[in-house]
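*Asks:* Handing you a structure now.
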């Protein structure tokens, strides 16, 4: 058994090994993940251990200085450094990296807070910055909330590392969150969740299924209907291959999104590239399809003609992997031609409409959440519309109807 003794200066411990050597262990601060950093050396004697420890500690301090916070570092420096740590640590998907970069650039960079030295930032400065963003009509609640979360995470990270002793965001975040919620307060005639009414669904279906000279008018129309009939996310649908459609079931375990091409070597290469990864929240699942969904999948397969099991279900006309922006454009054209040009909400409105229809049919929220691959709390808040469009006297209103008793 090793014999343990403390360093005479109270810095670390020595262990006498059975082999006659000595091991010296010493805590020298914190790593980037907030865990304590322990250095260890082994030598023939305690004095030799101390010499080796000084060299190792010197190297550790050099590495930490290169990645740590200096007196001159600003809030912008901290946010970028924290993002770099997350990237190197594999904490973020490619799309999330892009979003955080945009938040740092648009909601932090260019403001007074960005140039403030980190050690001088107080809770008052954080509150002032968020309040300033709230006053700007061009910045929505979601963007401001992301900014607040990003700042909180960055400062919290610096505290865990031991670079700072206090996170100035923590004290004011609860009150700021309450203020942000007021920005999304709904008026009496505003929808709680934007969905398509039954009449609007019928209009869209009729236009999306239109044929010209015996051919499909909108290839993207079938893809939009697949979203409407399954409640999938657009990225999940784009990642589907024909092998995922099995006997009336659909295997959803991948998602494709467009992310910045960080390995671009020439001007000829695209600025953005498709990236395939796991589904959001890692909610992979196998769903049983409705007759409508199976029918539209059959139409898509017939439209494509010869296709292999590894081919994408919803490619572009050239056979390449599709993109959400391309499908969004196709959707707007169909909406406009169907007389629904004033409908807002993008492709996500199909997912919300599907979830709301399930709820109105009597499905429990936890079942809906499992089917669309989301959290119950998120499904209840963002995907189920309680207010319904009602037309009275030529005016469309959002009302809460009396509950219908389920037999």
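In my numbering, the protein residues as written are 12 to 418.
Each residue gets a CB set at the ideal place from its N, CA and C atoms; glycine is no exception.
What you are looking at is a predicted structure, and each value in this text was computed from that prediction instead of being measured.
Between the alpha carbons of residue 88 and residue 332, how many angstroms are there, rounded?
*Replies:* If I take the Cα positions, the gap works out to 37 Å.
*Asks:* Nearest by alpha-carbon distance to residue 235: which of 390, 171, 94 and 245 is it?
*Replies:* The shortest C-alpha separation from residue 235 is found at 245.
*Asks:* Residue 85 and residue 125: beta carbons closer than 8 Å?
*Replies:* Going by C-beta atoms, residue 85 is nearer than 8 Å to residue 125.
*Asks:* In this structure, does DSSP put residue 181 in helix, strand or coil?
*Replies:* Three-state result, residue 181: coil.
*Asks:* Who are the Cβ neighbours of residue 225 in its own chain at under 6 Å, not counting the five residues just before and after it?
*Replies:* If we look at residue 225 and ignore the five residues flanking it on each side, it has no Cβ neighbours.
*Asks:* Give me the Cβ distance between residue 115 and residue 94, rounded to the nearest whole Å; I'm assuming they're in contact under 8 Å.
*Replies:* Their Cβ separation, rounded to whole angstroms, is 7 Å, which keeps residue 115 and residue 94 in contact under 8 Å.
*Asks:* Return the residue from the list 348, 345, 337 and 250 that minimises the CA-CA distance to residue 321.
*Replies:* Answer by Cα proximity: 250.
*Asks:* Between residue 259 and chain C, is the shortest Cβ-Cβ distance under 8 Å, so that the two count as touching?
*Replies:* Of the protein chains in this structure there is only one, and it is not chain C.
*Asks:* Give the C-beta separation of residue 338 and residue 231 to the nearest angstrom, bearing in mind that I take them to be a contact with Cβ-Cβ under 8 Å.
*Replies:* With 8 Å as the limit, residue 338 and residue 231 qualify as a contact, their Cβ atoms being about 6 Å apart.
*Asks:* Considering only their Cβ atoms, is the gap separating residue 206 from residue 360 smaller than 8 Å?
*Replies:* Yes, these two residues count as a Cβ contact at 8 Å.
*Asks:* Take residue 5 and list the residues in its own chain whose beta-carbon comes closer than 7 Å to its own, dropping the five residues that flank it on each side.
*Replies:* The requested residue 5 does not occur in the structure, where the chain is confined to residues 12 to 418.
*Asks:* Please name the residue, chosen from 83, 370, 326 and 294, that lies closest to residue 129 on a Cα-to-Cα basis.
*Replies:* The option with the nearest alpha carbon to residue 129 is 83.
*Asks:* At what residues does the beta strand (DSSP E) containing residue 47 begin and finish?
*Replies:* 47-54 is the extent of the beta strand (DSSP E) around residue 47.
*Asks:* Near residue 12, which residues of its chain fall below 8 Å by C-beta distance, leaving aside the five closest residues on each side in sequence?
*Replies:* With a pLDDT of 42 at residue 12, under the threshold of 50, the modelled position of this residue cannot be trusted, and the question is left open.
*Asks:* How many Å lie between residue 255 and residue 248 at the Cα?
*Replies:* Cα to Cα, residue 255 sits roughly 10 Å from residue 248.
*Asks:* Kindly indicate the opening and closing residues of the alpha helix (DSSP H) around residue 402.
*Replies:* Note, residue 402: premise wrong, no alpha helix (DSSP H); beta strand (DSSP E) at 399-403.
*Asks:* Starting from residue 407, follow the beta strand (DSSP E) in both directions and report where the run begins and ends.
*Replies:* Residues 406-410.
*Asks:* Quick check on this structure: which residue in 237, 150 and 174 has the alpha carbon closest to the alpha carbon of residue 324?
*Replies:* Closest by alpha carbon: 237.
*Asks:* Determine the DSSP secondary structure at residue 296, reduced to helix, strand or coil.
*Replies:* Residue 296: strand per DSSP, three-state reduction.
*Asks:* Which residue's Cα is closest to the Cα of residue 326: 233, 148, 170 and 171?
*Replies:* If we check each option's Cα against that of residue 326, 233 comes out closest.
*Asks:* Can the beta-carbon of residue 136 be found less than 8 Å from the beta-carbon of residue 179?
*Replies:* In this structure, residue 179 lies closer than 8 Å to residue 136 by Cβ.
*Asks:* If we ignore side chains and look at the alpha-carbon of each, how far apart do residue 412 and residue 382 end up?
*Replies:* Cα to Cα, the separation comes out at about 26 Å.
*Asks:* Could you tell me which whole alpha helix (DSSP H) segments of length 4 or greater appear in the region 212-292?
*Replies:* Fully enclosed alpha helix (DSSP H) runs of 4 or longer: 230-241 and 245-250.
*Asks:* Taking residue 269 as the reference, which of 27, 109, 390 and 165 has the closest Cα?
*Replies:* It is 109.
*Asks:* Pull up the CB-CB distance for residue 259 and residue 293, whole angstroms please, since I reckon it's below 8 Å.
*Replies:* About 25 Å separates the two Cβ atoms, so there is no contact after all.
*Asks:* So what does residue 37 bridge to, in DSSP terms?
*Replies:* In the DSSP output, where bridge partners are listed per residue, residue 37 has 50.
*Asks:* One question on the structure: do residue 390 and residue 397 come within less than 8 Å of each other, judged by their Cβ atoms?
*Replies:* Going by C-beta atoms, residue 390 is not nearer than 8 Å to residue 397.
*Asks:* So residue 364 packs on residue 261, CB below 8 Å; how close in whole Å?
*Replies:* That belief does not hold up - the Cβ atoms of residue 364 and residue 261 are roughly 18 Å apart, past 8 Å.
*Asks:* Using the Cα positions of residue 297 and residue 32, report the straight-line distance between them to the nearest angstrom.
*Replies:* Taking the straight line joining both Cα atoms gives about 59 Å.
*Asks:* Judging by CA-CA distance, which residue of 22, 99 and 127 is the nearest neighbour of residue 64?
*Replies:* Among 22, 99 and 127, the Cα nearest to that of residue 64 is on 22.
*Asks:* For the candidate residues 172, 385 and 317, whose alpha-carbon lies nearest to that of residue 96?
*Replies:* For the residues 172, 385 and 317, the minimum Cα distance to residue 96 belongs to 172.
*Asks:* When we look at the beta-carbon of residue 197 and count the other beta-carbons within 10 Å, is it buried (16 or more) or exposed?
*Replies:* Exposed, since its Cβ has fewer than 16 Cβ neighbours within 10 Å.
*Asks:* Are the region 135-154 and the region 98-108 touching by the rule of at least three beta carbon pairs closer than 8 Å?
*Replies:* Flag = no, the region 135-154 and the region 98-108 do not touch.
*Asks:* Since residue 26 is in the beta strand (DSSP E), which residue starts that stretch and which ends it?
*Replies:* 24-27 is the extent of the beta strand (DSSP E) around residue 26.
*Asks:* Give me whichever residues DSSP pairs with residue 128 in a beta bridge.
*Replies:* 85, per the DSSP bridge assignment.
*Asks:* According to DSSP, is residue 394 helix, strand or coil?
*Replies:* Residue state, collapsed to three classes: coil.
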